[in-house]
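Have a look at the structure below, then the notes.
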Amino acid sequence: MSRPFPRRDLVGDSTAVAPRLLNALVSVSDTDGSVRVGRIVEVEAYRGERDPASHAYRGRTARNATMFGPPGLLYVYRSYGIHWCANVVAGVDGVAEAVLIRAVEPVAGLDRMRGDRPGIVREVDLANGPGKLCAALGVTGDDDGTDLCSPDSRIRLLRDGVAPPERPTRTTRVGITRGVEHRWRYLVPDHPCVSRGRPSGGGS
DNA sequence: CTTTGGATCGTCT
DNA sequence: GACGATCCAAAGG
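What follows is the structure, given as structure tokens:
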């Protein structure tokens, strides 16, 4: 039993939206009728033009244009020339706020995920990283700009009976060199499917 | 277990 | 021309 993720819950600062996305579902439908579903267990908030680690820090460009769109869009970018990474756009239309999805727990369509993640043995390693989850779910740059809150989209954000954790684990973000001090990474506590990435900043 | 280096290319300087 | 919001395999302790 699942319902569309309410768009109103994506309005506002990415730091407020990010923990709300924990335990939400991402579903991806393919043309052959198959569906892959993952449960979000790790996210990071990026605060647009006020955040030196954000792609939008130096303003709007062709690449980051989707980040400036309305909340509920999917922002997909290429990482290191090799991988795809996916964000949920937050904020309000015209303001660049985004939440990077860093890990999902495989829920459905596992065979299909394994097909796109050849050689992966353990189920928990299928989508425990931002590049890995895009590969496992079949998300690419073609999906940039998808409205995650529309029932007609191939990629959708859903909420089922599992609420976000009341006390999410918080750390500094992973893989960045600026804005390292902010604890804007949120995780489902003690979940086996979180990424292996190490926080960039000091801890406390 | 941890550390290191290579792959690979669009984007912005 | 440099540099990533990464991943993986290989080598070292």
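Residue numbering for the first sequence follows our numbering, beginning at 2 and increasing consecutively. We treat Cβ as the ideally placed atom computed from N, Cα and C, and that holds for glycine.
Own chain, CB closer than 7 angstroms to residue i, minus 5 neighbours either side, in chain order
{"i": "ALA136", "result": "ASP117 and ARG118"}
{"i": "ASP161", "result": "MET2, SER3 and LEU26"}
{"i": "ARG199", "result": "VAL175"}
{"i": "PRO20", "result": "PRO165, PRO169 and TYR187"}
Collapsed DSSP secondary structure at residue i in the structure displayed
{"i": "VAL18", "result": "helix"}
{"i": "GLU43", "result": "strand"}
{"i": "ASP161", "result": "coil"}
{"i": "LEU149", "result": "coil"}
{"i": "VAL125", "result": "helix"}
{"i": "PRO71", "result": "coil"}
Close-in-space but distant-in-sequence residues of the same chain around residue i (CB under 6 angstroms, 5 per side omitted)
{"i": "ASN65", "result": "HIS56 and ALA57"}
{"i": "LEU127", "result": "PRO107, MET114, ARG118, ILE121 and ALA137"}
{"i": "ARG179", "result": "PRO53 and ALA54"}
Alpha-carbon to alpha-carbon, residue j and residue i
{"i": "GLY132", "j": "GLY82", "result": "11 angstroms"}
{"i": "SER201", "j": "VAL195", "result": "16 angstroms"}
{"i": "ASP33", "j": "ASP143", "result": "17 angstroms"}
{"i": "MET114", "j": "GLU50", "result": "35 angstroms"}
{"i": "GLU45", "j": "SER80", "result": "16 angstroms"}
{"i": "ARG157", "j": "VAL77", "result": "14 angstroms"}
{"i": "LEU149", "j": "ALA91", "result": "11 angstroms"}
{"i": "ILE41", "j": "THR16", "result": "16 angstroms"}
{"i": "LEU111", "j": "ARG37", "result": "7 angstroms"}
Where residue i falls, given that 16 or more other Cβ within 10 Å makes a residue buried
{"i": "ALA63", "result": "exposed"}
{"i": "PRO7", "result": "exposed"}
{"i": "GLU98", "result": "buried"}
{"i": "GLU1", "result": "The chain is shown only over 2 to 205; residue 1 falls outside these bounds and no answer can be derived."}
{"i": "PRO193", "result": "exposed"}
Cβ neighbours of residue i in the same chain (closer than 8 angstroms, five flanking residues each side left out)
{"i": "ARG168", "result": "PRO190"}
{"i": "GLY95", "result": "PHE69"}
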